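Colleague: If you use full-length UniProt numbering, the sequence shown corresponds to residues 1 to 351, in order.
Where is the CB? At the ideal position from N, CA and C, for every residue including glycine.
Values in this document were obtained by computation on a predicted structure and should not be read as measured data.
Before I ask anything, here is the structure I am working with.
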Amino acid sequence: MLAEVSALLAPLAAAIGYSSYKARQFEQTYPNIGELTDVGGYRMNAVHIERPEGADLPTLVFIHGASGNLLDQVVAFRAALEGRAEMLFVDRPGHGYSERGGPDNAVPSGQADAIARLMEKRGIEKAVIVGHSFGGAITAAFGLRHPDKTLGLLFLAPATHPWPGGIDWYYHVATAPVLGWLFNHAIVVPLGLSRLEHGTRNVFHPNPRPADYIERTGPSLVLRPDAFYNNAADFKRLLAYVKEQSPLYAKITAPTVIITGDSDEIVWEHLHSRGLARDIAGSELITVRGVGHKPDYLATDVAVAAIEKIAGMPRDLQAIARRAEERLAAASRDRTLGAAPSLRPGALRGA
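This is the structure in structure tokens:
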């Protein structure tokens, strides 16, 4: 009997040991580039770019999406906005290098409150809040709960409204008692690494993923057991949360721009982005044709123009979006012309 138990436990112990080793390796590969700040019993991590001389834009706060960390928005926006604004790139509670804090941080309203406290600690009175994907739900919560700190809202492929169906099976497993601990500490790392390449390409689909995206943004950090659990817990609560909160979006009064792609298969634009445009009076919806879930990378120029418009500069966002579409179409044609012909079965029949 003892031998049978040992034979069962040995591979499990090996898997847990391997996962622990890889988690440390992820942190060595992607060390924290931010600074931890106590926001009331736990610490939030952020990269804070002080306001430069000659800045022409207000302070900007960037909120990343699910399964991510602050590097995602740093890579998308820092270079494009360097020298123009004070910027705060945030690791959401329990993600990246931020500590989780209390149970309130399992829903977007709690995370919005945490970001508001972080802003106070960093001496930021008001800002334009920029949220991608899951960060969109937090951006909406921020606009509702902290209007005094909100100069404007920019939503990028936001997840803000109820959707049909549920969530992926592994989020349920990851949050289950006992089984979830074993899954997060033994299975998530090898399973996640096997899916990392496909998963990151899928987030950009139908657009090409930047070749250095994984190298620069550290998506493997979410495979650490605590981070994966927190990400799953966020997901499990999101649908019920947006069912309750989305009817309140009409109370948002801050200048608002929503940028989405019409080919987003991760967060459906017809439910979320159009829903926001319907609910927030005076908001402007910009739909970039041919773009999937990453307008922050594919239409960064449109997002920067939206920030400028929120700041009071005259910008024709629809015209800028059309130019972005032309640029993306030209790049797609160049890639197609330079590609070798496909030899897979059915290629000539368009299968």
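Tell me the rounded alpha-carbon separation between M87 and P11.
Modeller: 46 Å
Colleague: Please give me, in chain order, every unbroken run of the alpha helix (DSSP H) with length at least 4 that falls completely inside the region 59-113.
Modeller: 70-81
Colleague: Short check: CB of S19 to CB of H185, under 8 Å?
Modeller: Yes, the pair counts as a contact, with Cβ atoms nearer than the cut-off.
Colleague: Between the beta-carbon of D296 and the beta-carbon of L118, is there less than 8 Å?
Modeller: The answer is no: Cβ separation not under 8 Å.
Colleague: May I ask which residues mark the beginning and end of the beta strand (DSSP E) holding E284?
Modeller: 284-288
Colleague: Which residues in the same chain have their Cβ closer than 7 Å to the Cβ of R224, if we skip the five residues on either side of it in sequence?
Modeller: A23, F26
Colleague: May I ask you to report which of helix, strand or coil DSSP gives A159?
Modeller: coil
Colleague: Measure the C-alpha to C-alpha separation of D316 and V288 and round it to an integer number of angstroms.
Modeller: 14 Å
Colleague: Can you tell me which residues form a DSSP beta bridge with D38?
Modeller: R43
Colleague: Assuming G292 and E265 make a contact with CB atoms under 8 Å, what is their CB distance in whole Å?
Modeller: In this structure G292 is in contact with E265, their Cβ atoms being roughly 7 Å apart against a cut-off of 8 Å.
Colleague: Nearest to A305 by alpha carbon, out of R84, Y213, D91, L239?
Modeller: R84
Colleague: Opposite I258 in the DSSP bridges: which residues?
Modeller: F155, L285
Colleague: Are the CB atoms of A232 and A141 nearer to each other than 8 Å?
Modeller: no
Colleague: Let me make sure I understand the geometry here. Which of H95, W163, P206 has the alpha-carbon closest to that of V267?
Modeller: W163
Colleague: With DSSP run on the structure shown, which of helix, strand or coil describes A211?
Modeller: Residue state, collapsed to three classes: coil.
Colleague: For S67 and A227, I'd like the C-alpha separation in whole angstroms.
Modeller: 8 Å
Colleague: Only counting the same chain, and skipping five residues up and downstream in sequence, which positions put a Cβ closer than 8 Å to that of L239?
Modeller: P162, W163, G166, I167
Colleague: Would you kindly report the start and end of the unbroken beta strand (DSSP E) that includes G131?
Modeller: 127-132
Colleague: Does residue 360 pass the burial test, meaning 16 or more other C-beta atoms within 10 Å, or should it be called exposed?
Modeller: Outside the shown range of the chain (1 to 351) lies residue 360, about which nothing can therefore be said.
Colleague: Tell me the rounded alpha-carbon separation between S220 and L196.
Modeller: When rounded, the distance between both Cα atoms is 8 Å.
Colleague: Can you confirm whether the region 55-67 touches the region 89-104 when touching is taken to mean that 3 or more C-beta pairs between the two stretches lie within less than 8 Å?
Modeller: yes
Colleague: How many angstroms separate the CA atom of L179 from the CA atom of A13?
Modeller: 15 Å
Colleague: Can you give me the C-alpha to C-alpha distance between V75 and E244, rounded to a whole angstrom?
Modeller: 33 Å
Colleague: How about N105 and A116: do their beta carbons lie closer than 8 Å?
Modeller: no
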